[in-house]
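Working notes for the structure below.
In UniProt numbering, the protein residues as written are 1 to 529.
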C-alpha cells in the first residue's frame, strides 16, 4: 500500500506530506487548492512524464517521493525535477531510469482518471483484464509459442548458416546458466522462504526486547556492588527502629529482580533466532525476485521455461534434424497451438459476455445511466487484441475505452472493472470518479468504493460530501495566499474539523450550523472507520 507522499516545490505546493492508511482515503478541498497537484505528485513519483512547468515559481527544483509497503519489502520511489526541465529518478535512494521507475510504479499503483489510465492503451491490457476476470490461463499458449518459435528458428537455421545457430545457442546457454546459477530448490521456494522469514523476524523482535530487559535488570560487573548491597542494607536497616518495613521491601525487591531476570532468561533461551539465517533468506528472496522478473513471473513458469531452454540447447547441440523432421514437428506444434488458442478464445468469448452483463448491471449504480459496454474480441485465433467498447448513451457510437475522454466516466468505468475483475495493484487511486454525480448516485459510487477498500487500499479525490463521509481517513487540501504568494497545505481532518470540511462541501460555507448538523449525520451514517 501507499503509506507516504512527500512533495516539495511542486506547482502550488511549497511543502506537503500525506500519510495514508489502509482502507478508503479521501482527499478533498476547494477548487484550485491543489488536489490535482497531489494526484500529479503521485503520478510523477511513479513514473509519469514531468517537465519544468511542474517546478514552483522561484524554486530551483521540485521533488516528490512515494513510499510503498509490500510483502516483498518497502519501496521509496522519488523524482527530482530541475527548473531546466531535466529530471532524476530514484528507487530506494539509488539512481534509476524513468523506465525502471515507471515499471515498478505501475506494479504498485493504479491511477484512474482522465489522463492517467494509461495501462488501458498498452498492448494487451484490456485482454489481461478479461483473462483475470475469467480466470483464463495462457501459460500453455505461451509455452507452445516458445516451442513453436524454437522449431521454426531451427528450420530457418538449416536454411541459413551455422553463425545464426551458434548465436542462438549462446543466448540459450546464457539463460540456462543464469537459471542454474541460483540453484532453484522447488517451485514454491519463495513462498516457503517468506513464511520462514516472517517467523524469524518475529523471534528477533522478542530477543531484542528480552535482551534489553535483562540489560536493565541484571547488573554489569561495575554495578554488581549496588545489587549485592540489597541484603546487607536490609539487614542493617532491620536493626534500626522504624526501618523494618523498608528493610523488608529491600529484601523483597532483590528477590523480585532475581526472579524476574531468571524468568526472562528462560523465555529468551526458548527462542531460536538466527540473524545469519534472516540475512540469507532476504538475500535469497532478492535473487528469486530477480529471476522471476526475468523469466517468470512465477517460479513454476521459470521451471517451465528452463525445461524448454534445455530442450532448445540439446536440439541446437545435437545432430541437426532434417528439414522434413522439423516441418513435421512444427505442424504438430501448430496443431496443438491452434487447439489451445481456440480453447482460450472460447473461454474469452464466454467470459466477455459475463463481464459485459456484470458491467452493464453495475453502470446504473455508478452514475453511468444507460451506458453499456461491449467486450469485443478480434478475429485472431485467440481473440486478441481485445477492446472494451463503451456506449455512453443509447444510440451513440461505441468508443474504445482507451480513447475515452471523460475523466469521471472513465474513473467510474474502471471502478466497475476493478470490482468485477479485481486488480493486480494493492493501491487504487480514483480521480474525478464523482464528476457529474450527485444525490443517490453519489451514495452508490461511495458504497462501491468502500466495498473495494475492503480488498485494496483506495484513494479518492472528491468534491462530494456524500463520498467524503464514507472515508476511513480524510485529508483536506487548502490554499493560503499571503504577500502575493500561494501556499498549499495538506492536513488530515478528524472529529470536529472533519465535520467543518464536509459542511463546507455541503453548503460552500463552513459556518452554517445546519450544514454542520447534516455533515455530522452523514459521517455517523456512512463513515467506514
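Heads up, the beta-carbon is just placed ideally off N, CA and C, and yes, glycines get one too.
Since this is a predicted model, take the numbers as computed values, not measurements.
Opening and closing residue of the beta strand (DSSP E) in which residue i lies
i	result
residue 373	372-376
residue 8	2-10
residue 502	First-last for residue 502: 495-507, but that is the alpha helix (DSSP H), not the beta strand (DSSP E).
residue 427	427-431
residue 13	13-19
From the options, residue whose alpha carbon lies closest to that of residue i
i	options	result
residue 46	147, 317 and 78	78
residue 372	183, 410, 349 and 262	410
residue 324	178, 200 and 332	332
residue 471	486, 391 and 452	452
residue 322	264, 286, 154 and 254	154
residue 493	481, 476, 92 and 482	476
residue 76	55, 61 and 100	100
residue 175	313, 39, 87 and 266	313
residue 383	112, 165, 127 and 336	127
residue 113	513, 432, 527 and 525	432
residue 164	316, 57, 481 and 489	316
residue 429	367, 408, 439 and 438	408
residue 450	367, 417, 526 and 142	526
residue 143	524, 438, 509 and 296	296
residue 28	177, 377 and 491	491
residue 479	246, 395, 187 and 34	34
residue 505	438, 454, 245 and 177	438
residue 84	53, 524 and 355	53
residue 124	385, 474 and 508	385
residue 307	485, 8 and 173	173
residue 213	247, 267 and 482	267
Residues that residue i bridges to, as DSSP identifies them
i	result
residue 607	Any question about residue 607 goes unanswered here, given that the chain covers just 1 to 529.
residue 390	373 and 399
residue 87	81
residue 24	458
residue 94	91
residue 111	429
residue 474	26 and 493
Boundaries of the alpha helix (DSSP H) in which residue i is found, first to last residue
i	result
residue 314	299-317
residue 440	439-453
residue 322	Unbroken run through residue 322: none, as it is neither H nor E.
residue 72	That residue, residue 72, is in no alpha helix (DSSP H); it is neither H nor E in DSSP.
residue 465	465-469
residue 519	513-526
9 Å Cβ cutoff, residue i in contact with chain C
i	result
residue 43	The displayed structure is made up of one protein chain only, and chain C is not part of it.
Segments of 3+ residues assigned as beta strand (DSSP E) that fall wholly inside the segment 37-68 = none
Stretch-stretch touch, CB-based, cutoff 8 Å, three pairs: the segment 454-461 with the segment 15-26 | yes
Flag this pair as touching only if the segment 413-427 and the segment 104-111 have three or more C-beta atom pairs under 8 Å; answer yes or no.
-> yes
Cβ contact check for the segment 333-350 and the segment 358-368: 3 or more pairs under 8 Å | no
Below 8 Å, can you find three or more Cβ-Cβ pairs linking the segment 294-302 to the segment 201-221?
-> no
Inter-stretch contact (C-beta, 8 Å, three-pair minimum) for the segment 438-453 and the segment 463-477 = yes
Only counting runs of 4 or more residues, tell me where the alpha helix (DSSP H) segments fall wholly within the segment 113-194, in order along the chain.
-> 125-134, 139-159 and 162-181
Tell me, please, whether the segment 66-83 touches the segment 3-19 by the rule of three or more beta-carbon pairs shorter than 8 Å.
-> yes
Evaluate contact between the segment 344-355 and the segment 133-149, counting only Cβ atoms and requiring at least three cross-stretch pairs below 8 Å.
-> yes
Quick check: the segment 390-401 against the segment 362-371, are there 3 or more CB pairs under 8 Å?
-> yes
Is there contact here, the segment 274-287 with the segment 139-155, by at least three beta-carbon pairs under 8 Å?
-> no
Kindly confirm or deny that the segment 508-517 and the segment 37-57 touch, where touching means at least three C-beta pairs closer than 8 Å.
-> no
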